[in-house]
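Participant: Everything in the sequence shown is counted per my numbering, starting at 137 for the first residue and increasing by one.
The beta carbon of each residue, even a glycine, is placed where N, CA and C say it ideally should be.
First the structure, then my questions, so here it is.
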Amino acid sequence: MSRFVVSRILQAAFIVFFIAVSVFLILRLSAGDPARIRAPVFARPDVIEQYRRDFGTDRPIPVQLASFFAGAARGDLGNSFRFQAPVTSLIAEALPKTLLLAAAALAISLTVSVILGSLAALRPRSIWGWLSSALAAFGQAAPVFWFGVILVLFFSITLRWLPSGGFAGPSSLILPAIAVSLSILPTQLRVLRASMEATLKQDFIRTARAFGLKERRIVFVYALRNACLPLITVIGVDIGYLLGGVIVAEVVFNFPGIGELALVALNARDYPLIQGITIVTATTFVIINLLIDLLYGRIDPRIRLEQP
Numbered sequence: 137m138s139r140f141v142v143s144r145i146l147q148a149a150f151i152v153f154f155i156a157v158s159v160f161l162i163l164r165l166s167a168g169d170p171a172r173i174r175a176p177v178f179a180r181p182d183v184i185e186q187y188r189r190d191f192g193t194d195r196p197i198p199v200q201l202a203s204f205f206a207g208a209a210r211g212d213l214g215n216s217f218r219f220q221a222p223v224t225s226l227i228a229e230a231l232p233k234t235l236l237l238a239a240a241a242l243a244i245s246l247t248v249s250v251i252l253g254s255l256a257a258l259r260p261r262s263i264w265g266w267l268s269s270a271l272a273a274f275g276q277a278a279p280v281f282w283f284g285v286i287l288v289l290f291f292s293i294t295l296r297w298l299p300s301g302g303f304a305g306p307s308s309l310i311l312p313a314i315a316v317s318l319s320i321l322p323t324q325l326r327v328l329r330a331s332m333e334a335t336l337k338q339d340f341i342r343t344a345r346a347f348g349l350k351e352r353r354i355v356f357v358y359a360l361r362n363a364c365l366p367l368i369t370v371i372g373v374d375i376g377y378l379l380g381g382v383i384v385a386e387v388v389f390n391f392p393g394i395g396e397l398a399l400v401a402l403n404a405r406d407y408p409l410i411q412g413i414t415i416v417t418a419t420t421f422v423i424i425n426l427l428i429d430l431l432y433g434r435i436d437p438r439i440r441l442e443q444p
């Protein structure tokens with residue numbers, strides 16, 4: 137176990153380092169000059185040069201890169217050009233809201249996929265099987281921004297049941313969480329249904345039925361536990377789509393999270409803030425995938441995480 141964890145941590149560190157360097161170089165080679173963006177329209181050259189010195193963009197790129205990693209090692213991701221505030225504090229304020237939205241969306245998609253997928257596997261020719269296929273097809277075809285607009289038009293403008301945007305409490309999470317959950321639901325639903333159908337045909341399920349165990353216990357305890365392994369694998373992959381969907385939903389619903397902060401940073405060519413958001417998001421993705429790998433052994437003891 138320990139060797140596996142150490143190996144995964146080293147891989148994760150390398151991935152985060154590679155992403156940080158790539159983003160650093162791409163931003164400075166392809167984006168505009170933040171000094172000209174922040175300076176007045178008819179600013180003199182010496183004023184623009186002063187902005188560059190203030191931002192640190194007047195130094196060679198290798199020096200900027202070394203300075204960035206030296207600060208990151210201390211937990212200092214620099215100061216935002218746009219907000220003139222520490223990047224760490226800006227991310228710390230927005231990240232919990234984004235994680236809360238992502239967790240709510242994941243909870244919705246898992247609940248629907250487990251319940252509907254199990255019922256569809258038990259009765260594939262019933263209304264549950266048809267509903268499972270229809271919902272998966274709709275989720276695959278409907279983009280997050282379009283579905284989010286539809287939800288706002290119906291539940292906020294027409295019915296006036298829920299807020300259309302912002303963050304004013306738990307009710308503000310409902311619409312964006314539903315919109316984001318639809319982006320990851322189709323894969324989870326199909327995988328859980330197929331895995332459950334295969335598990336219900338296994339010998340240990342027939343043995344459990346022969347011993348007279350209740351069907352509910354057989355399905356939702358024995359069969360579901362074994363059928364969840366492929367679903368957990370899919371969740372690890374879906375985390376990337378989930379974070380992408382959350383960013384889009386935050387823009388649509390004016391949700392004050394990482395997505396909205398990233399949009400402001402991109403428009404302002406705010407290098408430190410874009411770098412910080414990218415690194416934190418990538419680190420979150422890597423950590424979640426590491427935890428999912430470790431979870432395999434808890435669900436199925438036959439899986440050995442120890443390297444041979």
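Counting along the chain, where does the alpha helix (DSSP H) carrying residue 403 start and finish?
Facilitator: Run containing residue 403: 394-403, per the alpha helix (DSSP H) assignment.
Participant: Smallest Cα separation from residue 282: which of 411, 309, 245 and 387?
Facilitator: Closest option to residue 282, Cα to Cα, is 387.
Participant: Is residue 283 helix, strand or coil by DSSP?
Facilitator: Note: residue 283 maps to helix in three-state DSSP.
Participant: Which same chain residues, not among the five before or five after residue 444, have their C-beta less than 8 Å away from its C-beta?
Facilitator: Unreliable placement is indicated for residue 444, whose pLDDT of 46 sits below 50; the coordinate value is still reported in the next sentence. Correct list: empty, nothing qualifies.
Participant: State buried or exposed for residue 403, treating a residue as buried only when at least 16 other CB atoms are found within 10 Å of its CB.
Facilitator: Per the 10 Å Cβ criterion, exposed.
Participant: Does the pairing of the stretch 375-394 with the stretch 310-318 give three or more beta-carbon distances under 8 Å?
Facilitator: A contact exists between the stretch 375-394 and the stretch 310-318.
Participant: Would DSSP call residue 306 helix, strand or coil?
Facilitator: DSSP places residue 306 in coil when its eight states are reduced to three.
Participant: Count the other C-beta atoms from every protein chain shown that fall within 10 angstroms of the C-beta of residue 347, then say buried if there are 16 or more, exposed otherwise.
Facilitator: By the neighbour-count rule (16 or more Cβ atoms within 10 Å), residue 347 is not buried but exposed.
Participant: Take every Cβ of the stretch 351-367, pair it with every Cβ of the stretch 272-287, and state whether three or more of those distances are shorter than 8 Å.
Facilitator: Counting Cβ pairs under 8 Å, fewer than three are found: no touch.
Participant: Buried or exposed for residue 145, going by 16 or more other Cβ atoms inside 10 Å?
Facilitator: Flag for residue 145 reads exposed.
Participant: From the DSSP output, in three-state form, read off residue 215 for me.
Facilitator: Residue 215: strand per DSSP, three-state reduction.
Participant: Measuring straight from C-alpha to C-alpha, what distance separates residue 406 and residue 334?
Facilitator: Rounded to whole angstroms, residue 406 to residue 334 spans 51 Å at the Cα level.
Participant: Answer yes or no: do residue 269 and residue 253 have a C-beta to C-beta separation smaller than 8 Å?
Facilitator: No, they are not a contact pair.
Participant: Measuring alpha carbon to alpha carbon, tell me which residue in 382, 370 and 419 is nearest residue 249.
Facilitator: That would be 370, whose Cα lies nearest to the Cα of residue 249.
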